[in-house]
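The sequence shown finishes on residue 881 if you use this note's numbering, and the numbering steps up by one all the way, no holes.
Where a beta carbon is used, it is the ideal one built from N, C-alpha and C, also for glycine.
All values reported here derive from a predicted model rather than from experimental measurement.
Beneath this line is the structure, given in structure tokens, with notes to follow.
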Amino acid sequence: MRKKIGFVTFLLGLPFWLFAQQVDKVKVRGTMEGEGFVNSKLYVKAMDRQGQEAVAALEVDGTRFTGEVLPATDGFYQFFGVNNQSQLILPLYLPQDVQLENLKLTMVNACPQMNIDKNNRALSAYNELTYVKGRALWMDGQNMTSDQLFDLLNDFNLAVDSIVNATHCDAPVEQYLRLWAYNQVANSYMSLPRILGVGRDVSFKQSDVLAEPEEVLDSPMAVYFPASVHLILASLPKGNLKEQFAVLYQKYSCKEVRGMVEGGLIDHFIRNFNFENGYENGLADLSAVIEKYQLDTRYLDAFKMRKASVKGSPFPEGILLTDVNGNKVDFSSFKGFYVYIDMWASWCGPCCKEAPVLKELEQEVTNPNVKFVSISIDKSIPAWKKKMEALGLHGNQLLNQDNKLAEALNVKGIPMFLIYDKEGKLYMYNAPRPSMGTPLKELLEGLK
Numbered sequence: 434m435r436k437k438i439g440f441v442t443f444l445l446g447l448p449f450w451l452f453a454q455q456v457d458k459v460k461v462r463g464t465m466e467g468e469g470f471v472n473s474k475l476y477v478k479a480m481d482r483q484g485q486e487a488v489a490a491l492e493v494d495g496t497r498f499t500g501e502v503l504p505a506t507d508g509f510y511q512f513f514g515v516n517n518q519s520q521l522i523l524p525l526y527l528p529q530d531v532q533l534e535n536l537k538l539t540m541v542n543a544c545p546q547m548n549i550d551k552n553n554r555a556l557s558a559y560n561e562l563t564y565v566k567g568r569a570l571w572m573d574g575q576n577m578t579s580d581q582l583f584d585l586l587n588d589f590n591l592a593v594d595s596i597v598n599a600t601h602c603d604a605p606v607e608q609y610l611r612l613w614a615y616n617q618v619a620n621s622y623m624s625l626p627r628i629l630g631v632g633r634d635v636s637f638k639q640s641d642v643l644a645e646p647e648e649v650l651d652s653p654m655a656v657y658f659p660a661s662v663h664l665i666l667a668s669l670p671k672g673n674l675k676e677q678f679a680v681l682y683q684k685y686s687c688k689e690v691r692g693m694v695e696g697g698l699i700d701h702f703i704r705n706f707n708f709e710n711g712y713e714n715g716l717a718d719l720s721a722v723i724e725k726y727q728l729d730t731r732y733l734d735a736f737k738m739r740k741a742s743v744k745g746s747p748f749p750e751g752i753l754l755t756d757v758n759g760n761k762v763d764f765s766s767f768k769g770f771y772v773y774i775d776m777w778a779s780w781c782g783p784c785c786k787e788a789p790v791l792k793e794l795e796q797e798v799t800n801p802n803v804k805f806v807s808i809s810i811d812k813s814i815p816a817w818k819k820k821m822e823a824l825g826l827h828g829n830q831l832l833n834q835d836n837k838l839a840e841a842l843n844v845k846g847i848p849m850f851l852i853y854d855k856e857g858k859l860y861m862y863n864a865p866r867p868s869m870g871t872p873l874k875e876l877l878e879g880l881k
């Protein structure tokens with residue numbers, strides 16, 4: 434049976450849905466105390482579940498809150514408090530023998546806490562430490578020496594030992610704390626360039642404050658921390674997909690971690706593959722990996738679909754294009770002309786800067802064999818129309834609302850420009866943009 438990777442939904446347009454059996458929700462009730470909760474909206478999430486159904490909004494009435502949420506298999510939840518000033522986060526450990534009722538949220542040092550038992554005292558204590566140390570890093574880090582920064586980052590790890598010894602928390606909570614500390618140190622280290630500013634480095638490396646990822650992250654609970662997948666991916670060898678998978682399976686035995694990382698590896702492989710050169714070899718490599726590790730064959734479909742970015746390939750099939758009136762437009766209607774395509778969106782600043790230049794170019798080009806077509810990838814039709822009106826755009830203005838065209842053409846950023854020939858086949862991928870001026874105009878005038 435082939436595996437379906439469901440822990441991370443990547444940007445390949447491959448929605449791997451998780452079909453869980455029906456589970457009764459559990460009731461969440463309690464009170465909150467402290468000014469930090471004023472005018473806050475509260476949410477709770479079962480941390481081992483994916484998707485919107487895992488997050489429940491709690492009803493707040495004065496200092497009381499109530500709601501229902503799917504049970505967390507491992508017993509870990511996250512409380513979120515959101516107001517106009519900040520977002521408050523607190524992890525909780527409430528296994529099946531601990532009720533999610535009569536909970537009491539308090540505010541200490543602008544940090545939410547829930548001290549109902551030894552396990553949640555441990556989580557609340559570490560939560561307070563991350564708030565205090567995090568504020569110190571961002572507010573005072575620029576003035577700290579390398580030694581002081583090293584000590585601050587190292588404190589995230591040392592604090593776990595201290596809290597575990599003081600609270601005698603259960604093993605799952607200790608493991609969660611060590612994963613939390615690892616990710617906290619990693620995120621803090623990666624933030625140092627922004628904190629310190631240009632021209633200043635620290636005298637220690639990331640490996641001085643972090644163990645190798647496989648020593649800590651080979652745990653099902655690693656999937657609770659989004660940075661885990663990026664840390665593992667960054668530690669794997671670059672380039673060869675087969676080698677990357679071999680190292681992943683050699684270093685990690687946890688199926689949840691493997692599943693989380695497998696999707697990232699294949700996503701990166703497909704997105705960065707040069708489809709103009711070596712398509713058959715790339716397809717063979719991907720097929721071999723999918724067969725060996727029993728992965729979902731839809732990754733092969735995604736790879737094959739992106740062959741549309743190779744010169745001479747026909748315009749991708751099944752792409753829904755609509756005009757400003759909502760009418761479907763078949764790209765084959767432009768057959769017999771060279772088509773200069775501008776892929777853009779209303780929210781894209783560089784795209785909007787190119788628009789006036791493109792309008793001038795369309796007026797200046799006299800070659801009757803050339804058509805200009807703008808295709809927006811906006812999800813909001815009103816936003817698309819409003820921007821077109823603001824920019825004074827006319828002519829062949831089309832919309833691909835589901836982003837399938839960008840996926841099929843392996844577009845990594847917009848604006849993106851392409852030219853299709855009279856037979857509807859790709860003539861030039863990544864064509865010159867309008868602001869390049871004369872070279873593009875001469876290219877278009879010369880198409881016969």
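Check for me: the beta strand (DSSP E) holding Ser807 runs from which residue to which? By one-based count along the sequence shown, residue 807 stands at place 374. Looking at the DSSP string, the run of the beta strand (DSSP E) that includes Ser807 is Val803 to Ser809.
Would you kindly work out how many angstroms separate the C-alpha atoms of Glu856 and Lys881, rounded to a whole number? Within the sequence shown, residue 856 is the residue found at index 423, counting from 1. Within the sequence shown, residue 881 is the residue found at index 448, counting from 1. Using only the alpha carbons, I get a separation of about 12 Å.
Between the region 633-642 and the region 597-608, do three or more beta carbon pairs fall short of 8 Å? No, because fewer than three Cβ pairs between the region 633-642 and the region 597-608 fall closer than 8 Å, the two stretches do not touch.
My guess is that Leu612 and Ser557 are in contact by the Cβ rule of under 8 Å, so how many angstroms apart are they, rounded? Against the sequence shown, residue 612 aligns to sequence position 179. Against the sequence shown, residue 557 aligns to sequence position 124. With 8 Å as the limit, Leu612 and Ser557 do not qualify as a contact, their Cβ atoms being about 17 Å apart.
Which one or two residues does DSSP pair with Asn829 in a beta bridge? Position 396 of the sequence shown, counted from the start, is the residue given in the question as residue 829. DSSP, once it has assigned bridges, lists Val806 as partnering Asn829.
Check whether the Cβ atoms of Arg704 and Lys845 sit closer than 8 Å, and answer yes or no. Along the sequence shown, one-based indexing puts residue 704 at 271. Along the sequence shown, one-based indexing puts residue 845 at 412. Taking 8 Å as the Cβ cut-off, Arg704 and Lys845 qualify as a contacting pair.
Secondary structure of Asn613, DSSP reduced to three states: One-based indexing of the sequence shown puts residue 613 at position 180. Checking the sequence, you will find Trp at residue 613 rather than Asn. Looking at Trp613 - three-state DSSP - the assignment turns out to be helix.
So, at 6 Å on beta carbons, what are the nonlocal neighbours of Val631 in its own chain, with the 5 sequence-adjacent residues on each side left out? Against the sequence shown, residue 631 aligns to sequence position 198. Nothing listed; no residue qualifies.
Find the nearest neighbour of Lys458 within the set Ala479, Leu826 and Val806, judged by alpha-carbon distance. Within the sequence shown, numbered from 1, the residue matching residue 458 stands at position 25. Minimum Cα distance to Lys458 is reached at Ala479.
So, using beta-carbon positions, are Leu733 and Leu719 closer together than 8 Å? Counting from 1 along the sequence shown, the entry for residue 733 is found at position 300. Counting from 1 along the sequence shown, the entry for residue 719 is found at position 286. A contact, by the Cβ cut-off of 8 Å.
Report the three-state DSSP secondary structure of Pro747 (helix, strand or coil). For the purposes of this step, residue 747 is taken as residue 314 along the sequence shown, with counting starting at 1. Strand.
On a Cα-Cα basis, can you pick out the residue from Asp775, Gly463, Gly879 and Tyr622 that is closest to Asn833? Mapped onto the sequence shown, residue 833 falls at position 400. For the residues Asp775, Gly463, Gly879 and Tyr622, the minimum Cα distance to Asn833 belongs to Asp775.
Grouping DSSP H, G and I as helix and E and B as strand, with all else coil, what is Cys687? For this step, residue 687 is matched to residue 254 along the sequence shown. In this structure, Cys687 counts as coil in the three-state DSSP scheme.
Glu795 to Pro747 span [Cα, whole Å]: Here residue 795 is taken as the residue at index 362 of the sequence shown, counted from 1. Here residue 747 is taken as the residue at index 314 of the sequence shown, counted from 1. Roughly 24 Å separates the two Cα atoms.
Is it buried or exposed, Met572, if we count other Cβ atoms within 10 angstroms and call 16 or more buried? In the sequence shown, residue 572 corresponds to position 139, counting from 1. So Met572 counts as exposed.
Assuming Glu840 is part of the alpha helix (DSSP H), what are its boundary residues? In the sequence shown, the residue the question calls residue 840 occupies position 407. Lys837 to Ala841 is the extent of the alpha helix (DSSP H) around Glu840.
Pair within 8 Å by beta-carbon distance, Glu466 and Met540: Indexing the sequence shown from 1 puts residue 466 at position 33. Indexing the sequence shown from 1 puts residue 540 at position 107. Yes, the pair counts as a contact, with Cβ atoms nearer than the cut-off.
What does Asp494 pair with, by DSSP beta-bridge criteria? As a working note, residue 494 is residue 61 in the sequence shown. Its beta-bridge partners are Arg497.
Tell me, to the nearest whole angstrom, how far the beta carbon of Asn618 is from that of Asn590; I am working on the premise that it is less than 8 Å. In the sequence shown, residue 618 corresponds to position 185, counting from 1. In the sequence shown, residue 590 corresponds to position 157, counting from 1. Going by the sequence as given, residue 618 is Val instead of Asn. The pair is a contact, with the Cβ atoms about 6 Å apart (cut-off 8 Å).
Once DSSP output is grouped into helix, strand and coil, what is the label at Leu585? Here residue 585 refers to the residue found at position 152 when the sequence shown is read from its first residue. Three-state result, Leu585: helix.
DSSP-derived helix/strand/coil call for Cys544: As a first step, residue 544 is located in the sequence shown; it is residue number 111 there, counting from the start. In the structure shown, Cys544 falls within a strand segment according to DSSP collapsed to helix, strand and coil.
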